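Residues in the sequence shown are numbered from 416 upward in steps of one, following the numbering used here. All residues carry an ideal CB built from backbone N, CA and C; glycine is no exception. None of the values given here were measured: they were computed from a predicted structure. Remarks on the structure that follows.
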Amino acid sequence: MNIDGILIAASTPERARLLIEQLASAGWSGISVFDPMRADALTFVRGLNPTVVVLELGDPNRLTREQVFRLARERRWPIVAFVDQADADTLDAAMSAGVASYVVRGMWPGRVQPVVETAIARHRQMEHLRRERDDAVNAFAAFYRPVGT
């Protein structure tokens with residue numbers, strides 16, 4: 416899978432460099448770096464409209480998690496988040512928000528590419544299911560007319 420348009424953020428410049436190296440070595444291009452905590456992060460990401468957003472968050476605080484979840488709720492891009500640790504509530508919140516992959520202690524060389532590819536495939540499948548659901552709801556609404564109206 417060749418991906419163009421990857422937006423990354425990392426907790427340290429070293430980890431950002433590691434992500435860039437791993438993604439570039441997979442032949443992926445269009446890699447940009449951003450700060451997910453910037454005030455206009457959502458507007459910034461919307462403007463770039465990347466294929467995927469890859470985040471290495473270290474040990475994120477509540478504010479960082481909320482900002483990431485805000486990006487994920489858009490459901491426009493697969494979000495991959497690598498974290499050092501997480502509890503069950505945080506994992507549930509990430510999945511509920513729409514994070515495609517929330518990987519705990521898993522940013523090892525050679526592992527980033529398959530995790531990102533899997534997240535993209537999962538995101539595409541979920542979008543397909545959403546479209547099917549919406550089509551079914553619309554078809555039902557067009558067909559169904561309550562008695563007496």
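- Item | Local conformation of residue 516 per DSSP, three classes | Translated into positions along the sequence shown, residue 516 becomes position 101. Residue state, collapsed to three classes: strand.
Check: residue 501 C-beta below 7 Å from any heavy atom of the ligand FAD = Ligands in the displayed structure: none, and consequently the ligand FAD is not present.
Can at least three beta-carbon pairs, one atom from the stretch 460-472 and one from the stretch 491-501, be found at a separation below 8 Å?
yes
ask   = Since residue 419 is in the beta strand (DSSP E), which residue starts that stretch and which ends it?
value = Taking the sequence shown and counting its residues from 1, one reaches residue 419 at position 4. Run containing residue 419: 419-425, per the beta strand (DSSP E) assignment.
- Message: Rounded to whole angstroms, what is the Cα-Cα separation between residue 543 and residue 454?
- Response: Numbered from its first residue, the sequence shown carries residue 543 at position 128. Numbered from its first residue, the sequence shown carries residue 454 at position 39. Roughly 31 Å between the two C-alpha positions.
Checklist entry - In whole angstroms, what separates the C-alpha of residue 541 from that of residue 474? => result Counting from one through the sequence shown, the residue named residue 541 turns up at place 126. Counting from one through the sequence shown, the residue named residue 474 turns up at place 59. Computed Cα separation, rounded: 28 Å.
Can you tell which of 433, 483 and 419 has the C-alpha that lies nearest to the C-alpha of residue 525? Walking along the sequence shown from the start, residue 525 turns up at place 110. With distances taken between Cα atoms, residue 525 lies closest to 433.
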